[in-house]
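Student: This is the structure I have questions about; it appears just below.
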Amino acid sequence: MQWTHEQSPIIQSKASKILVRAFAGTGKTTTLVGFAKANPTLRILYLCYNSSVEKAAKGKFPRNVVCKTAHSLAHAVYGIQYAHKKTKNLRLTDIARGLDTQDWELVRDVLATLNNYMASADAELGRPHFPRFRDKAFLTSAQER
């Protein structure tokens, strides 16, 4: 392949870090494929925006390149810490059935609380997750006496 005068220095570079800044559709991926082929002993991580880009990239790059989404890379490292928070979408009717109640205000509070907890980095459910009580001052049992 005939490389442009912008691509050649990148592909031939021996620098430990390279920044390739260019507009969409200008050949960044093609340039990086050329760089990877020119450096077959170099292990390269190619971070993709989404899984469809990842899938396409896996078909373009040589074996010395690992293509991943940033999400999948983070999930591989940190996913186990948050596995207990994984759930399917909760519906109000599921919560009402589980609590055996028709008190829809309570059911909405429970759903809001669970959503707040699931969206947090907290390991345990606590007062900050309860929207109705979050900003209210509470007395501990020792203070109530």
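Start counting at 1 in the sequence shown, then tack on 10, and there's your number in the numbering used here.
All residues carry an ideal CB built from backbone N, CA and C; glycine is no exception.
Computed from a predicted structure; not experimentally measured.
In the structure shown, what three-state DSSP assignment does residue 18 receive?
Tutor: helix
Student: Three or more C-beta pairs under 8 Å: does that hold for the stretch 67-86 against the stretch 51-58?
Tutor: With a cut-off of 8 Å, the stretch 51-58 and the stretch 67-86 count as touching, because enough Cβ pairs lie within range.
Student: In the DSSP assignment, what are the bridge partners of residue 156?
Tutor: The requested residue 156 does not occur in the structure, where the chain is confined to residues 11 to 155.
Student: Is residue 39 helix, strand or coil by DSSP?
Tutor: Residue 39 falls in the helix class under three-state DSSP.
Student: Going straight from the alpha carbon of residue 43 to that of residue 94, what length do you get?
Tutor: 39 Å
Student: Are there 16 or more other CB atoms within 10 angstroms of the CB of residue 41, so buried, or fewer, so exposed?
Tutor: buried
Student: Are the Cβ atoms of residue 67 and residue 58 separated by less than 8 Å?
Tutor: Contact flag set, yes.
Student: Since residue 54 sits in a beta bridge, which residues does DSSP pair it with?
Tutor: 75
Student: In or out: residue 22 buried (at least 16 other Cβ within 10 Å) or exposed?
Tutor: So residue 22 counts as exposed.
Student: Whose CA, out of 77, 48, 49, lies closest to the CA of residue 60?
Tutor: Checked all of 77, 48, 49; the closest Cα to residue 60 is 77.
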